[in-house]
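As given, the protein sequences belong to chains A and B, one line each in that order. Here the UniProt record's numbering is used: the first residue of the first sequence is 1, the next is one more, and so on. Here the UniProt record's numbering is used: the first residue of the second sequence is 1, the next is one more, and so on. One structure is given here, and the rest of the page talks about it.
There are 2 protein chains.
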Amino acid sequence: RCENLVEVYFQLQQQVMGASAELGPELLARLLERFNEVLCSLVKSSFLVEKQPPQVLKTQTKFQASVRFLLGPRLLKAAAKPYMVRAEMVTEKQARELALSTCSNTLSESTGEIMHNVVALETNPTSGTCCANFKNVLLKKIKRCERKGSESVTEEKCAVLFSTTVALAPSNISVYLQVLSLPIVVIVHGNQDNNAKATVLWDNAFSEIDRVPFVVAERVPWEKMCDTLNLKFMAEVQTSKGLLKEHYFFLAQKIFNDHSASPEDFQSRNVSWAQFNKEILPGRGFTFWQWFDGVMEVLKKHLKPHWNDGAILGFVNKQQAHDLLINKPDGTFLLRFSDSEIGGVTIAYVTRGKDGSSQVENIQPFSAKDLSIRSLGDRIRDLGQLRNLYPNIPKDQAFGSHYNSERGELG
Amino acid sequence: RCENLVEVYFQLQQQVMGASAELGPELLARLLERFNEVLCSLVKSSFLVEKQPPQVLKTQTKFQASVRFLLGPRLLKAAAKPYMVRAEMVTEKQARELALSTCSNTLSESTGEIMHNVVALETNPTSGTCCANFKNVLLKKIKRCERKGSESVTEEKCAVLFSTTVALAPSNISVYLQVLSLPIVVIVHGNQDNNAKATVLWDNAFSEIDRVPFVVAERVPWEKMCDTLNLKFMAEVQTSKGLLKEHYFFLAQKIFNDHSASPEDFQSRNVSWAQFNKEILPGRGFTFWQWFDGVMEVLKKHLKPHWNDGAILGFVNKQQAHDLLINKPDGTFLLRFSDSEIGGVTIAYVTRGKDGSSQVENIQPFSAKDLSIRSLGDRIRDLGQLRNLYPNIPKDQAFGSHYNSERGELG
DNA sequence: GATAGTTCCGGGAAAGGTG
DNA sequence: CACCTTTCCCGGAACTATC
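Here it is as structure tokens:
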């Protein structure tokens, strides 16, 4: 506990003061100065962001955040007026300058005005915490930095700087406290949410602990990326059924656009930020992440139970689906995520052609919107040509518990 | 032309000045003072609202307005800084005070802040007009007056006051100019639009020309109401096919909730504001106006061509529809506006029961939303039991030109 | 606890900016 | 022109005030 450190500090100081006679004036002065420095740095590092602002932050949209001064209850000098904490947007550049220079420099210019950005630092006597609670903050507008080359606004990271000046009780020292939030991507419209999430995910997953704000690797081992995607997947879809080896292999083929390498080959490769969310997948209108995020969205919104049932193979390409189905009985089908449509779900099924040979058909993918009109289960029930879920589960057994309305409820 | 008046004024003044010797100093002074007054009132009445702000004004939504100073090009004294015109919200009470007191009193407190509400009065040398153009104004928030009794916020009228102080060229007199907009109902959400439109319609239609702001009759002759509804109907639906005697009779039965009176009886009646848009129609969840506005909306959005074709009887009650159809051949149908659902369109048709007797069926009304999913024409085509539009037009002839898609285009 | 009134905000549409 | 970025604003949902 932080407060224990302070106790140790004061005990030490007591001892030194007690021994002051023996130490001589010069040494004592130096010791006291050193004490001051230690206290200061202790105090400064006990000023923390308790509740981070959202890392994807939309302008004109309310958000919350709070900071906490751990040593406040112990050290804060009582004052007539409460100490006020201020929250300001800072650019990556400003954040870097703050991190490098130890002096308490003021910000030259603001990159975006935050409304209701000054709140009192309040000590709660019950819980013994000293917090400033930003309950009703809102970023009015964002001034973008000039970007180099192909950088998009959703790759731009900034942060919220919380700062205050307080007086400490024992020595009446005035200390300037400041702390930065995690990096934040500011967006102005929901259509930027996708890309902003990618930036944040990459940063959270791959940044070093004590980096200069907000540098992060440009390329990372594919294995790390897999872990990251898996964690994100489970958190986002809210499922305990995570991604498996086969899924990773499929994803690797997609992100590297390489259909000849083996799973082992991929394991040792590095994947770049550009491959993750800058380059358009060949022949598609979107990036790897945009596609993957679409999959998570549709799973979360409409297919969670089916995913948990294991009824969705999902991360399987058309060829693989074909190979799996071609030797199965008529009416065997499986569900895969559409490669061509974000958040689309396709049904591949085997049917007997006129000449009596088996062939695999793909149904036009259902979008998330389609599924909100009529659920997947019901749509599968509607389709008479579907009989058994791959490998061989009768469809009413696999989906029966999720059938809803007899027919569509639209007028 | 206003400017001609000014010329006459100056000629008169010249003559008086020329005759000054003959008039004697006292009379001259009185005459000059009178001249001043005349000029002043002339100038003041030449300051007009050129473009009215919307009479239903939503907060946080941009709007436009402009004022024009007719005598500006002739009389305005050139100045280094342009004259600024200010736009402010005033309550009905404030408007009344402004209208009564001739002095240029300032407003005590604002009822709502308008952003970008000060713009320059600019003389355009080409067109010779002197205007202040409010291009980007927005009402931030509205402070409602305390209302008496059952008055709702959408019955509250306010206005925009435009004001400025200018110096006139000949005599360097400084004049304070002000002009009020038409009354305005402020809303904060689209769901108040309905009721606000009712207030504005009533006010525009039934207010006297030189009234105290913004008093208006509480009840008016039904005949006047009919004219008003008809004008509104044609303007809103954008049709030249206005309302007819039969329609008025149907509407009168609805608004007066009187099904025994004759059309002539109604002609001499008065209708009250409460009947128009305060009282709920018996057994329904809405007022007369809300119902009527819903009809106009659905006609405007989805049924304009059919209305113009005369294919929609519309303002007909269930009983009348029954009587019209009962002796017609099987499959004869007509279209009427649903009494129970705002903006709903019902089809009534005649069919032969099992016992061989005719009976009239009513199809569950289509809402505006239904019609935006699949158009009326297509829906009529879909319904096999419909054959001839009343009195006896084959349905493909009446609606064929508006058939669209073979089947619904939803997934 | 129903109704009236308001705020919040997702997302479509379209405008604005930039190569 | 196409694409990126932003603004505008409708209308559902949720919250608040008021009786």
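Where is the CB? At the ideal position from N, CA and C, for every residue including glycine.
Item: Reference V271/B; option with closest CA among G283/B, A79/B, F286/B, Y248/B; Value: Y248/B
Item: Alpha-carbon to alpha-carbon, L161/A and L76/A; Value: 21 angstroms
Item: Local Cβ density within 10 Å of M296/B, reported as buried at 16 or more and exposed below that; Value: buried
Item: Inter-residue spacing [alpha-carbon to alpha-carbon] between Y83/A and D293/A; Value: 43 angstroms
Item: For L289/B, the nearest candidate out of I255/B, H259/B, K304/B (CA to CA); Value: Before going on, a small fix: residue 289/B reads as Trp here, not Leu. Nearest of I255/B, H259/B, K304/B to W289/B, Cα basis: I255/B.
Item: Three CB pairs or more closer than 8 angstroms across the region 17-28 of chain B and the region 41-55 of chain B; Value: no
Item: C-alpha gap between M17/B and L71/B, whole angstroms; Value: 23 angstroms
Item: Residue interval of the alpha helix (DSSP H) (run including N277/B); Value: 273-277
Item: P305/A - DSSP class collapsed to helix/strand/coil; Value: helix
Item: Three-state secondary structure assigned by DSSP to E113/A; Value: coil
Item: Segment limits, alpha helix (DSSP H) that includes V295/B; Value: 288-298
Item: Beta-carbon contacts of L229/B that lie in its chain and below 6 angstroms, excluding the five residues immediately before and after; Value: none
Item: Element boundaries [alpha helix (DSSP H), containing T332/B]; Value: Counting along the chain, T332/B falls outside any alpha helix (DSSP H), though it belongs to the beta strand (DSSP E) covering 332-337.
Item: Boundaries (first-last residue) of the alpha helix (DSSP H) holding I380/A; Value: 376-382
Item: Euclidean distance between Cα positions of K58/A and K141/B; Value: 22 angstroms
Item: Distance, S367/B Cα to F337/B Cα; Value: 10 angstroms
Item: CA nearest to the CA of I85/B, picked from A95/B, K135/B, Q359/B; Value: In the sequence as displayed, the identity of residue 85/B is Val instead of Ile. Closest option to V85/B, Cα to Cα, is K135/B.
Item: 7 angstroms CB neighbourhood of A217/B in its chain, flanking five on each side removed; Value: F206
Item: Collapsed DSSP secondary structure at G408/B in the structure displayed; Value: Bear in mind that a pLDDT of 43 at G408/B, under 50, signals an unreliable position, so the number given afterwards is only what the model happens to contain. Coil at G408/B, not helix or strand.
Item: Q64/B vs K51/B beta-carbon contact at 8 angstroms; Value: yes
Item: Span separating the alpha-carbon of Q267/A from that of P329/A; Value: 36 angstroms
Item: Local conformation of Y248/A per DSSP, three classes; Value: helix
Item: Inter-stretch contact (C-beta, 8 angstroms, three-pair minimum) for the region 345-361 of chain B and the region 272-289 of chain B; Value: no
Item: Three CB pairs or more closer than 8 angstroms across the region 109-122 of chain A and the region 140-156 of chain A; Value: yes
Item: Nonlocal neighbours in the same chain, by C-beta distance under 7 angstroms from G128/A, ignoring five residues either side; Value: P73
Item: K93/A to I209/A span [Cα, whole Å]; Value: 18 angstroms
Item: Beta-ladder partner(s) of L76/A, from DSSP; Value: L168/A
Item: Enclosing beta strand (DSSP E) for Y403/A [first to last residue]; Value: Here Y403/A belongs to no beta strand (DSSP E), and DSSP marks it neither H nor E.
Item: Minimum C-alpha distance to A282/B - residue among K304/B, L325/B, D339/B; Value: Correcting the residue identity first, residue 282/B is Pro in this sequence and not Ala. Cα-wise, what sits closest to P282/B is D339/B.
Item: For L139/B, the first and last residue of its enclosing alpha helix (DSSP H); Value: It is not in any alpha helix (DSSP H) - L139/B instead sits in the beta strand (DSSP E) that spans 129-139.
Item: Coil, strand or helix - F315/A by DSSP; Value: coil
Item: Three-state secondary structure assigned by DSSP to N388/A; Value: strand
Item: Three or more C-beta pairs below 8 angstroms linking the region 191-202 of chain B and the region 239-247 of chain B; Value: no
Item: Whether V200/A touches Q55/A by CB criterion (8 angstroms); Value: yes
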